[in-house]
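Here the sequence shown is numbered in the numbering used here, starting from 212 and rising by one per residue. Everything below concerns the one structure shown next.
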Amino acid sequence: MTILAIETSTTVCGCAVLRDGEIIADRWIDERSAHAEKLFGLVDAALRGADVDPGDLDAVAVSIGPGSFTGLRIGLSAAKGFHLALGTPVIAVPTLTALAHRCLPLVAGDGEHILAALDARRDEAYCQTFAVAGGALVPEGDVDARTVAEIVRSLPPGVVVVTGDARQKIVAALSDGRPVVLADDAMARCSAAAVARVGAALFARGEIADAGTLEPMYVKEVFLRSSH
């Protein structure tokens, strides 16, 4: 199984190629407002680096949000382009799920939680909490946009790993002694490789999106339109 993954939901613009469970190419930049200019060059570089012809792809996995309105549209348009040109299936990967997946190595065992949070401007963040059971992520509630205070109040008991670009302001609002593990800058960054791994699991379960009707998960579409 060979999957191309696209990540454009934040300032990270990246592509990765996964073959039979292994990342064989990963190209990315972290640069604001560069997605439209750089994405297709990165896609080409990733495919060439992996020595994969576009026609040999089994699927394209795309980070579906929440995140930047413009970035999400660019990434999804690229994924739909593969579908229209080659019939390549599209896999919609929730951005926060991919972020949380990167942090599984930080979890000591079952019963701990991962909070994935992306900055939504002002005092808000897009967030979702996941329980860890048997080394897998179990979503607790839907993706939401909340104030930092609301997020702090809703945290589950016990150890929580906090990741994403809103993690610092969330941790700063916690009371002393709260058991949290803070992901470092590298692990808290959105990653096409993580999108590829989550996408492969979804593809194996037959969770393929309807490319004709698929839209990004905006969560706060009006706010994003006015801020990006």
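By construction, the Cβ of each residue, glycine as well, lies at the ideal position given by its N, Cα and C atoms.
Item                                                                                                                                                                    : Value
Where does E418 sit, in a helix, a strand or coil, going by DSSP?                                                                                                       : coil
Can you tell me where the beta strand (DSSP E) holding L250 begins and where it ends?                                                                                   : From DSSP, L250 is part of no beta strand (DSSP E) but of the alpha helix (DSSP H) over 246-261.
Which residue wins for smallest C-alpha separation from P277, given the options A331, L366, D241, D421?                                                                 : A331
When the Cα of V223 is compared with those of A356, P368, A403, A261, which residue comes out closest?                                                                  : A403
I believe H324 touches V371 by the beta-carbon criterion, under 8 Å. Please report the beta-carbon distance rounded to the nearest angstrom.                            : 5 Å
For G410, does the count of other Cβ atoms within 10 angstroms reach 16, so buried, or fall short, so exposed?                                                          : buried
Considering only residues of the same chain and omitting the five flanking positions on each side of D241, which have a CB-CB separation below 6 Å?                     : T222, V223
Just tell me which of C338, T374, A377 has its CA closest to the CA of S365.                                                                                            : C338
Can you say whether E218 is buried or exposed, counting buried as having 16 or more other CB atoms within 10 angstroms of its CB?                                       : buried
Roughly how many whole angstroms lie between the Cα atoms of V430 and V354?                                                                                             : 8 Å
Give the DSSP-derived three-state secondary structure of G423 in the structure shown.                                                                                   : coil
The alpha helix (DSSP H) spanning I325 covers which residue range?                                                                                                      : I325 -> not in any alpha helix (DSSP H); beta strand (DSSP E) instead, spanning 324-330.
Let's see if you can read the secondary structure: which residues bound the beta strand (DSSP E) around S386?                                                           : That residue, S386, is in no beta strand (DSSP E); it is neither H nor E in DSSP.
Would A405 pass as a contact of P300 if the rule is Cβ separation under 9 Å?                                                                                            : no
Mind checking whether F517 and A327 have CB atoms under 9 Å apart?                                                                                                      : Given a span of 212 to 439 for the chain in the structure shown, any question on residue 517 remains unanswerable.
Excluding the five sequence neighbours on either side, which residues of its own chain have a C-beta within less than 6 Å of the C-beta of A356, listed in chain order? : A331, E335, Y337, V430, K431
Indicate the three-state DSSP secondary structure (helix, strand or coil) for G292 in the structure shown.                                                              : helix
I'd like to check one pair, R230 with V263: are the Cβ atoms closer than 9 Å?                                                                                           : yes
Residues in its own chain within less than 8 Å of L253 by CB, not counting five upstream and five downstream?                                                           : C224, G225, C226, R238, W239, I240
Would V349 and L315 be called neighbours here (beta carbons separated by less than 9 Å)?                                                                                : no
As an exercise, report each continuous beta strand (DSSP E) stretch of at least 3 residues that is fully enclosed by the segment 298-358, in chain order.               : 301-304, 324-330, 335-344, 347-358
Can you list, in chain order, the residues of its chain whose CB lies under 7 Å from that of M398, leaving out five sequence neighbours each side?                      : R313, C314, T374
Alpha carbons only, please: which of A290, E233, D269, V318 is nearest the one belonging to P390?                                                                       : V318
Which one or two residues does DSSP pair with C224 in a beta bridge?                                                                                                    : I240
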